[in-house]
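Chemist: Protein chains in written order, with the working numbering: chain A, 1 to 279; chain B, 280 to 558.
(1) My output table needs one value for residue 192 (chain A): the three-state DSSP class, helix, strand or coil.
(2) Going along the chain, which residues of its own chain have a beta-carbon closer than 8 angstroms to the beta-carbon of residue 419 (chain B), five neighbours each way excluded?
(3) Candidates A:27, A:252, A:65, A:148: which alpha carbon is nearest residue 196 (chain A)'s?
(4) Nearest-angstrom Cα distance between residue 188 (chain A) and residue 377 (chain B)?
(5) Answer yes or no: do residue 359 (chain B) and residue 342 (chain B) have a C-beta to C-beta separation smaller than 9 angstroms?
(6) For residue 363 (chain B), is the classification buried or exposed, using 16 other Cβ atoms within 10 angstroms of its Cβ as the cut-off for buried?
(7) Beta-carbon separation of residue 241 (chain A) and residue 164 (chain A) under 9 angstroms?
(8) Please check the pair residue 393 (chain B) and residue 312 (chain B), which I expect to be a contact at CB under 8 angstroms, by giving their CB distance rounded to whole angstroms.
(9) Am I right that residue 560 (chain B) and residue 124 (chain A) are in contact with their C-beta atoms under 8 angstroms? What's the rounded C-beta distance?
(10) Scan the region 404–418 of chain B for residues whose Cβ lies nearer than 7 angstroms to a Cβ of chain A and list them as they occur along the chain.
(11) Would you give the residue range spanned by the alpha helix (DSSP H) that residue 229 (chain A) belongs to?
(12) Going by the C-beta, is residue 270 (chain A) closer than 8 angstroms to any heavy atom of the ligand SAM?
(13) Hey, how far is the Cα of residue 95 (chain A) from the Cα of residue 421 (chain B)?
(14) Of the residues that make up the region 530–542 of chain B, which ones have a beta carbon closer than 8 angstroms to any beta carbon in chain A?
(15) If the cut is a Cβ gap below 7 angstroms, which residues of chain B does residue 23 (chain A) touch?
(16) Mind the definition here: the region 469–484 of chain B touches the region 506–519 of chain B only if three or more C-beta pairs lie below 8 angstroms; say whether that holds.
(17) Please confirm whether residue 554 (chain B) and residue 497 (chain B) have their CB atoms less than 9 angstroms apart.
(18) Tell me, to the nearest whole angstrom, how far the beta carbon of residue 105 (chain A) is from that of residue 77 (chain A); I am working on the premise that it is less than 8 angstroms.
(19) Taking only the alpha-carbon atoms, compute the straight-line gap between residue 23 (chain A) and residue 107 (chain A) and give it to the nearest angstrom.
(20) Between A:31, A:264, A:138, which lies nearest to residue 281 (chain A) when the distance is taken from Cα to Cα?
(21) Considering Cα atoms alone, identify which of A:224, A:48, A:176 is closest to residue 204 (chain A).
(22) Look at the alpha carbon of residue 336 (chain B) and the alpha carbon of residue 252 (chain A), and state the distance between them as a whole number of angstroms.
(23) Is residue 279 (chain A) close to chain B? Criterion is C-beta to C-beta, closer than 9 angstroms.
(24) By the criterion of Cβ-Cβ separation under 8 angstroms, what are the contact partners of residue 187 (chain A) in chain B?
(25) The beta strand (DSSP E) that contains residue 463 (chain B), what's its start and end?
(26) If we define contact as Cβ-Cβ less than 9 angstroms, is residue 321 (chain B) a contact residue for chain A?
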């Protein structure tokens with residue numbers, strides 16, 4: 001059986017160094033964006049280096065990934081270092097590097113990850129899933145011919161899809177809110193890595209708000225995992241509802257706040273990111 | 280003239296190593312929390328190590344700080360490393376360490392910081408300052424006798440102050456929303472470091488929502504700086520309006536989303552954090 005393209009993209013091989021633990025991988029043409037890999041795949045790769053580390057304690061609870069430079073097509077090395085292990089929590093530093101033109105390794109992505117042993121506590125959600133039509137009743141957006149990674153997802157916009165008419169400052173959209181059903185195509189059991197990638201599936205909020213398609217790219221993303229591995233298993237291969245909006249656009253950067261729910265309405269992730277835009 | 284207590288708390292001395300650039304500092308009794316320093320002061324210290332680094336490019340645009348372990352009272356060393364410098368952006372890794380009982384340095388806090396040369400672009404805010412009474416018309420909350428760092432701030436709760444009656448699951452508050460005017464006491468010109476600390480002034484959202492005072496502590500915080508240094512200069516020594524609320528409480532962790540505005544209504548910061556709670 002051929003592995004899912006997402007698992008192929010995330011495949012890491014031990015590079016022989018244990019301190020710090022180093023893996024080698026390669027960017028995936030299947031998850032290619034415009035001038036580099038889909039940022040969600042890079043974030044998932046950073047998490048994967050932690051998940052397959054022999055010293056891992058517990059499950060991911062938070063991840064911050066910083067896109068320090070454009071990742072080039074091809075091979076990279078990635079190190080994951082458990083810098084502090086407590087009784088029930090663990091903190092990680094991750095670094096992804098590629099050789100420059102002179103062959104010297106340069107950092108292209110950094111990440112910090114926190115893992116923890118989850119336990120039952122008092123719990124409550126203040127972010128109920130918004131009332132949107134079911135995935136079956138929303139047509140799938142045809143994304144073939146656009147960036148390659150978009151073909152890896154089945155996306156159904158309940159609200160805030162790609163603008164049909166690009167304008168500019170004279171014809172602002174009323175908000176930057178998108179609500180979209182998303183799942184892997186072909187389907188794949190949800191896990192922490194795929195949930196990480198799905199936290200980055202939203203097209204730039206500025207494209208919706210202005211609406212103008214200016215050059216834009218995520219510079220840092222933070223993901224808080226509220227769901228346990230058991231809750232991800234329950235979500236199965238169902239659709240995920242993703243919601244995203246921005247709070248401010250200024251000085252060449254805007255933020256994006258996002259939430260992801262399982263099809264049955266469990267809040268799985270809250271996320272923020274900061275996005276560069278050109279003008 | 281004696282330096283402001285906040286500047287004393289943030290004072291770092293070169294430790295003699297340039298690669299990575301290492302500073303020494305010490306925790307401040309004036310910013311002491313219950314069992315360690317106020318997390319906002321620690322976050323500000325991590326930023327300070329970047330701000331006074333000779334290789335700094337531009338101004339802070341994002342910061343993530345991870346509280347990997349309790350910081351003990353006393354001295355620490357902090358390293359700030361510019362791991363990637365681009366034309367207009369720069370990425371940093373920061374690490375704060377203290378010796379353990381055997382005298383071996385152990386990491387207690389990590390941070391990643393992004394700085395950038397800000398430039399004028401199209402701009403828009405979708406997070407207007409909420410309509411609250413002016414600072415002068417809201418009484419200052421008396422916090423003397425509580426944790427020491429609280430005495431370093433003038434706080435005036437427009438909404439969501441400390442519960443007057445602690446309950447439990449049978450008497451939930453309707454939400455976890457706090458809106459509070461805050462400024463340094465004595466007053467101090469706002470800058471990126473003080474804005475970082477102010478991003479962490481909110482008491483744990485679970486105390487408000489349940490309302491029950493369970494043990495709780497921030498494990499990671501991300502701050503996006505939307506304001507330029509010039510806009511912080513404009514904010515002067517005026518009050519800052521802080522707003523915070525949670526989206527989910529589960530498995531011993533809850534999130535907090537926050538916004539900070541200048542007294543005149545400019546959105547300065549959006550922030551998120553993940554907070555551990557005991558039960």
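In this text, a Cβ means the ideal position worked out from N, Cα and C, and glycines have one as well.
Modeler: Concretely, from the data shown:
(1) Residue 192 (chain A) sits at position 192 when you count from the first residue of the first chain. Looking at residue 192 (chain A) - three-state DSSP - the assignment turns out to be helix.
(2) In the second chain, counting from the first residue as 1, residue 419 (chain B) sits at position 140. These residues qualify, in order along the chain: 433, 434, 435.
(3) Your numbering for residue 196 (chain A) matches position 196 in the first chain. If we check each option's Cα against that of residue 196 (chain A), A:65 comes out closest.
(4) On the first chain, residue 188 (chain A) is found 188 positions in, with the first residue counted as 1. On the second chain, residue 377 (chain B) is found 98 positions in, with the first residue counted as 1. Their backbone Cα atoms lie some 44 angstroms apart in a straight line.
(5) Against the second chain, residue 359 (chain B) aligns to sequence position 80. Against the second chain, residue 342 (chain B) aligns to sequence position 63. Note that the C-beta distance between residue 359 (chain B) and residue 342 (chain B) is not below 9 angstroms.
(6) Position 84 of the second chain, counting from 1, holds the residue named residue 363 (chain B). Buried, because 16 or more other Cβ atoms sit within 10 Å of the Cβ of residue 363 (chain B).
(7) Counting from 1 along the first chain, the entry for residue 241 (chain A) is found at position 241. Counting from 1 along the first chain, the entry for residue 164 (chain A) is found at position 164. Not a contact, by the Cβ cut-off of 9 angstroms.
(8) Counted from its first residue, the second chain places residue 393 (chain B) at position 114. Counted from its first residue, the second chain places residue 312 (chain B) at position 33. In this structure, residue 393 (chain B) and residue 312 (chain B) do not form a Cβ contact; the two beta carbons are roughly 27 angstroms apart against a cut-off of 8 angstroms.
(9) The structure shown does not extend to residue 560 (chain B), since chain B spans only 280 to 558, so no value can be given for it.
(10) Under the 7 angstroms Cβ criterion, the region 404–418 of chain B contributes 404, 405, 406.
(11) As a first step, residue 229 (chain A) is located in the first chain; it is residue number 229 there, counting from the start. Segment 229–235, the alpha helix (DSSP H) holding residue 229 (chain A).
(12) Looking at this structure, you won't find the ligand SAM or any other ligand, since it has none at all.
(13) By 1-based counting over the first chain, the position of residue 95 (chain A) is 95. By 1-based counting over the second chain, the position of residue 421 (chain B) is 142. A direct Cα-to-Cα measurement between residue 95 (chain A) and residue 421 (chain B) gives close to 45 angstroms.
(14) Cβ contacts with chain A: 530, 531, 532, 534, 536, 538.
(15) The residue given as residue 23 (chain A) occupies position 23 in the first chain. Contact of residue 23 (chain A) with chain B by beta-carbon distance below 7 angstroms is absent, the smallest such distance being about 19 angstroms.
(16) Contact annotation: the region 469–484 of chain B touches the region 506–519 of chain B, with at least three C-beta pairs closer than 8 angstroms.
(17) Numbered from 1 along the second chain, position 275 holds the residue referred to as residue 554 (chain B). Numbered from 1 along the second chain, position 218 holds the residue referred to as residue 497 (chain B). It is a contact, given that the beta carbons lie within the stated cut-off.
(18) Numbered from its first residue, the first chain carries residue 105 (chain A) at position 105. Numbered from its first residue, the first chain carries residue 77 (chain A) at position 77. The distance from the Cβ of residue 105 (chain A) to that of residue 77 (chain A) is about 7 angstroms, consistent with a contact at the 8 angstroms cut-off.
(19) As a first step, residue 23 (chain A) is located in the first chain; it is residue number 23 there, counting from the start. As a first step, residue 107 (chain A) is located in the first chain; it is residue number 107 there, counting from the start. Going by the C-alpha atoms only, they are around 14 angstroms apart.
(20) The structure shown has nothing for residue 281 (chain A), since chain A only spans 1 to 279.
(21) By 1-based counting over the first chain, the position of residue 204 (chain A) is 204. For residue 204 (chain A), the closest C-alpha among the options A:224, A:48, A:176 is that of A:176.
(22) Counted from its first residue, the second chain places residue 336 (chain B) at position 57. Counted from its first residue, the first chain places residue 252 (chain A) at position 252. Taking the CA atoms as reference points, residue 336 (chain B) sits about 16 angstroms from residue 252 (chain A).
(23) Within the first chain, numbered from 1, the residue matching residue 279 (chain A) stands at position 279. Taking Cβ atoms only, chain B reaches closer than 9 angstroms to residue 279 (chain A), which makes this a yes.
(24) Mapped onto the first chain, residue 187 (chain A) falls at position 187. Residues of chain B passing the Cβ test: none, with the nearest at roughly 26 angstroms.
(25) The sequence position of residue 463 (chain B) within the second chain is 184, counting from 1. From DSSP, the beta strand (DSSP E) with residue 463 (chain B) extends over 457–463.
(26) In the second chain, counting from the first residue as 1, residue 321 (chain B) sits at position 42. Residue 321 (chain B) does not count as touching chain A.
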